[in-house]
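Top to bottom, those sequences are chains B and H.
Taking my numbering, the leading residue of the first sequence gets 827, the next gets one more, and so forth.
Taking my numbering, the leading residue of the second sequence gets 827, the next gets one more, and so forth.
There are 2 protein chains.
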Amino acid sequence: MRATFSLSAADGSARAGTVTTARGSFTTPCFMPVGTRGAVKHLSSADLEGLGAEVVLANTYHLMLRPGADIVAELGGLHRFSDWHGHMLTDSGGYQIFSLEPSIDDDGAVFQSVYDGSKHRLTPESAVDIQARLGADIQMTLDVCAPLPSSPKVITDAVEQTARWAERARAAFLAGDSPAVQSQFGIVQGGVDPTLRVTSARQILDIGFDGYAVGGLSVGEGRDEMLPALAAVTELLPADQPRYFMGLGDPVGIVEAVASGIDMFDCVLPTRLARHGTLLTSSGRVNLTRAEFARSDEPIDPALANSPVARWSKGYLRHLLQVKEPTAPRLLSLHNLHWLLTFVAELRTSIVEGEFDGFRRRVHEVWS
Amino acid sequence: MRATFSLSAADGSARAGTVTTARGSFTTPCFMPVGTRGAVKHLSSADLEGLGAEVVLANTYHLMLRPGADIVAELGGLHRFSDWHGHMLTDSGGYQIFSLEPSIDDDGAVFQSVYDGSKHRLTPESAVDIQARLGADIQMTLDVCAPLPSSPKVITDAVEQTARWAERARAAFLAGDSPAVQSQFGIVQGGVDPTLRVTSARQILDIGFDGYAVGGLSVGEGRDEMLPALAAVTELLPADQPRYFMGLGDPVGIVEAVASGIDMFDCVLPTRLARHGTLLTSSGRVNLTRAEFARSDEPIDPALANSPVARWSKGYLRHLLQVKEPTAPRLLSLHNLHWLLTFVAELRTSIVEGEFDGFRRRVHEVWS
């Protein structure tokens, strides 16, 4: 089903809206917690409901290997499997596979399993089929994600291969039963070269998808390179379909991508930081392992009174972290996700109220 | 304050009642989850509230080393520290210390920290002082816990040292401010020799405590040795004070100890089993790692519909366990504690309704 975007308010290019799919709808801008292997680390779907998350991302690469798409399908698909009633999006597996230095040919990519070293082939068609069996609401096409920096030749080849695979992926998707219940998003590549980004965007738009994603950015390049490449794409994207920036989760990055017209985000950053004791707070990043917090009776973020973790002190949470109690990464993950989901909700409000510029300025003051 | 026990119902020697302390009251038989370092592994006080736990145990040995009794006291004591509003009991540190092969003299025990190898001395008086600063509702005396099997000489020496230390601990406790807010339990030792158990019980009863515990059992000896040693003690204990069997948590052990007149239990077993994928269910122990559960859409225990984990299938939970997602030990810990707390609640009901013998027989049918 073609995912649609309806605009509630705009402030410049920043959009507040609603994405509608076969499952229902969710509001944007939207941050999607990452449930790599079918669960966000340390959390359950009950926790995500409590946090008010609307969309969760799951990783095709991991799930196709363990427990396998067949078992997930047999157990009713990802929603029933993890008992999650909100929206769910699966990536194509491409990003993880390219970090494993696969052998690529025009047909697809051959890569090794991190679990047992066995070899697997993923093609644009099999990525569609696997994601159909996983049963998320939104599936992504298999793309070629070049590392940055790469030579113009490498980036150009990645753009061309991505376009050929996108065409095959779209054909495979439309030939199956999935369009009745799933949406399929295409992915724009092109590194940090705005011209190549425009080329890629036009190729993907010509094929036509249910939504559009920007991939291959936020992989180590500077924001001064990332944002022009992003802007070159967003101005071409249709106004009535959702736009997704893959793998971005820092506050400044989110607010700048929203300023460019992006609606959806995912990132492991908030939960990974939490597991290492770094907190997202209204005063910026806080490293809870610092000795100064050992005797602190204050909550993590006094400005966030309704945090699910507000009842415990910094001193207590730091203690649990220092003695490696697994309760610590859990509670800090809850906090960081609550903080980021609240941040995105306030960002949305600022757009609705025409105060986006002020919100953006304050984000830079704290986080730049 | 002298903890009191008021009897609601008895069935033979099995007691259903209420223990009252300065904090308030809790019902018995009672199972206390173990929050070693100030948290039950993977869980928070919010989870324990959800489970309906009434008493939580914390380990003096770990907390005196990290973060230290001073910091816990500065942060308001264990209740404020972990934000737990139910009852809390601290052990004396003795059990952990004796597993470290300390050097013991009449004054106390010298042991090494597992955290940094530093040396520490614990005496009956300092154990009282540290537990006063930790601020639990019930504190335990420092005892000498001999391993089993040990020679009669070793057990006899442990009984005598335990009595001398108990006398000093009681004097130290009564000399401080704690009696207004804390109760202090004495510990009976004596290995599996009923005669030595009687000797130890009379010594501890002569000193006089706010409640009585049986220590040094359930440390590897058979139930045929454990139960006669236990029975020799329980028949001497006063009817109007609580009785606590330290470190016992298996269903048959609990039901047999209740049959002998015990009220309170603690054990790491349910949460430790959970972390290794072993479930407590109405059909007995289930090893969730078995391949047969990979495709099971059933909940862990169909007979336990109100389990906090009933919404997820065995197949999903097994998958999380197999790929080492930390959500798995958390959810299985919640299940096993819910199962055991429900078990103890049903055990209580059977006493109130005069059906204890039938309950006891069914427990043996499933678990023996």
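Glycine included, C-beta positions come from ideal geometry on N, C-alpha and C.
Contact set for residue i: own chain, Cβ-Cβ below 8 Å, skip 5 residues either direction
{"i": "Pro1054/B", "result": "Val1018 and Pro1020"}
{"i": "Arg1137/H", "result": "Pro1125"}
{"i": "Ile981/H", "result": "Ala972, Gln1015, Gly1016, Gly1017, Asp1019 and Leu1022"}
{"i": "Gln1148/H", "result": "Thr1115"}
{"i": "Arg1049/H", "result": "Val1078, Gly1079 and Glu1082"}
{"i": "Gly1002/H", "result": "Val954, Asp955 and Ala958"}
{"i": "Tyr941/H", "result": "Leu891 and Arg892"}
Sequence-distant residues of its chain with Cβ nearer than 7 Å to residue i (five each side left out)
{"i": "Asp873/B", "result": "Leu1160"}
{"i": "Ser976/H", "result": "Gly1017"}
{"i": "Val985/B", "result": "Gln1015, Gly1016, Leu1022, Thr1025 and Ser1026"}
{"i": "His888/B", "result": "Thr862 and Arg863"}
{"i": "Pro928/B", "result": "Ala935, Val936 and Phe937"}
Contacts around residue i, its chain only, beta-carbon distance under 6 Å, and the 5 residues preceding and following it disregarded
{"i": "Val1112/B", "result": "Leu1105"}
{"i": "Arg959/B", "result": "Ala895 and Ala899"}
{"i": "Gln1008/B", "result": "Gln965"}
{"i": "Leu1063/H", "result": "Tyr1038 and Arg1069"}
{"i": "Thr916/B", "result": "Ala884, Thr886, Gln957, Leu960, Ala962 and Gln965"}
{"i": "Gly903/B", "result": "Gly961"}
{"i": "Asn1132/B", "result": "none"}
Anticipated Cβ contact below 8 Å, residue i with residue j, distance rounded
{"i": "Met914/H", "j": "Val936/H", "result": "Contact doesn't hold; Cβ gap of about 28 Å is too wide."}
{"i": "Ala992/B", "j": "Ile1030/B", "result": "6 Å"}
{"i": "Phe907/B", "j": "Pro1068/B", "result": "About 24 Å; that fails the 8 Å criterion."}
{"i": "Gly1073/H", "j": "Asp1092/H", "result": "7 Å"}
{"i": "Lys867/H", "j": "Glu1151/B", "result": "7 Å"}
{"i": "Gly864/H", "j": "Leu891/B", "result": "Rounded, the Cβ-Cβ distance is 38 Å, inconsistent with contact."}
{"i": "Gly1141/B", "j": "Trp1193/B", "result": "Contact doesn't hold; Cβ gap of about 26 Å is too wide."}
{"i": "Asp1127/H", "j": "Ser1108/H", "result": "6 Å"}
{"i": "Glu1047/H", "j": "Leu974/H", "result": "5 Å"}
{"i": "Arg1121/H", "j": "Leu901/B", "result": "7 Å"}
{"i": "Gly878/B", "j": "Leu1095/B", "result": "Actually they are not in contact, since the Cβ atoms of Gly878/B and Leu1095/B sit about 19 Å apart, beyond 8 Å."}
{"i": "Gly1012/B", "j": "Thr949/B", "result": "Going by Cβ atoms, the distance from Gly1012/B to Thr949/B rounds to 16 Å, so no, they are not a contact pair."}
Distance between residue j and residue i (C-alpha atoms, nearest Å)
{"i": "Val1014/H", "j": "Gln938/H", "result": "26 Å"}
{"i": "Trp1165/B", "j": "Glu1051/B", "result": "28 Å"}
{"i": "Asp1076/H", "j": "Leu869/B", "result": "28 Å"}
{"i": "Gly850/H", "j": "Ala1065/H", "result": "19 Å"}
{"i": "Asp909/H", "j": "Arg1187/B", "result": "37 Å"}
{"i": "Val1189/B", "j": "Glu1181/B", "result": "13 Å"}
{"i": "Gln1010/H", "j": "Arg947/H", "result": "21 Å"}
{"i": "Val845/B", "j": "Val1170/B", "result": "15 Å"}
{"i": "Tyr1070/B", "j": "Val1040/B", "result": "6 Å"}
{"i": "Lys979/H", "j": "Gly1042/H", "result": "15 Å"}
{"i": "Arg990/B", "j": "Leu1173/B", "result": "37 Å"}
{"i": "Gly934/B", "j": "Ser952/B", "result": "9 Å"}
{"i": "Leu1130/H", "j": "Gly1034/B", "result": "49 Å"}
{"i": "Val1135/H", "j": "Gly919/B", "result": "30 Å"}
{"i": "Glu875/H", "j": "Ser871/B", "result": "19 Å"}
{"i": "Pro1005/B", "j": "Gly961/B", "result": "11 Å"}
{"i": "Leu1099/B", "j": "Gly912/H", "result": "32 Å"}
{"i": "Arg994/B", "j": "Arg1028/B", "result": "16 Å"}
{"i": "Ala998/H", "j": "Arg828/H", "result": "16 Å"}
{"i": "Phe852/B", "j": "Ser925/H", "result": "55 Å"}
{"i": "Gln987/H", "j": "His1102/H", "result": "37 Å"}
{"i": "Ala1057/B", "j": "Thr847/B", "result": "26 Å"}
Contact test: residue i Cβ vs the ligand PLP heavy atom, cutoff 7 Å
{"i": "Pro1155/H", "result": "Of the ligands one can find in the structure shown there are none, so the ligand PLP has no counterpart to examine."}
Residue i, DSSP secondary structure in three states
{"i": "His827/B", "result": "The residue asked about is misnamed: residue 827/B is Met in this sequence, not His. If DSSP states are grouped into helix, strand and coil, Met827/B belongs with coil."}
{"i": "Met858/B", "result": "strand"}
{"i": "Phe1035/B", "result": "coil"}
{"i": "Tyr1070/B", "result": "strand"}
{"i": "Val1081/B", "result": "helix"}
{"i": "Gly1012/B", "result": "strand"}
{"i": "Lys1150/B", "result": "coil"}
{"i": "His911/H", "result": "coil"}
{"i": "Ile803/B", "result": "In this structure chain B extends from 827 to 1194, so residue 803/B is not present and cannot be described."}
{"i": "His946/B", "result": "strand"}
{"i": "Arg841/B", "result": "strand"}
{"i": "Asn1132/H", "result": "coil"}
{"i": "Val936/B", "result": "strand"}
{"i": "Ser1176/B", "result": "helix"}
The stretch 1110-1123 of chain B touching the stretch 847-857 of chain H, judged by at least three CB pairs closer than 8 Å: no
Any 3 or more C-beta pairs closer than 8 Å across the stretch 1147-1160 of chain H and the stretch 1078-1093 of chain H: no
Segment contact flag, the stretch 1170-1186 of chain B with the stretch 833-843 of chain B, C-beta cutoff 8 Å, min 3 pairs: yes
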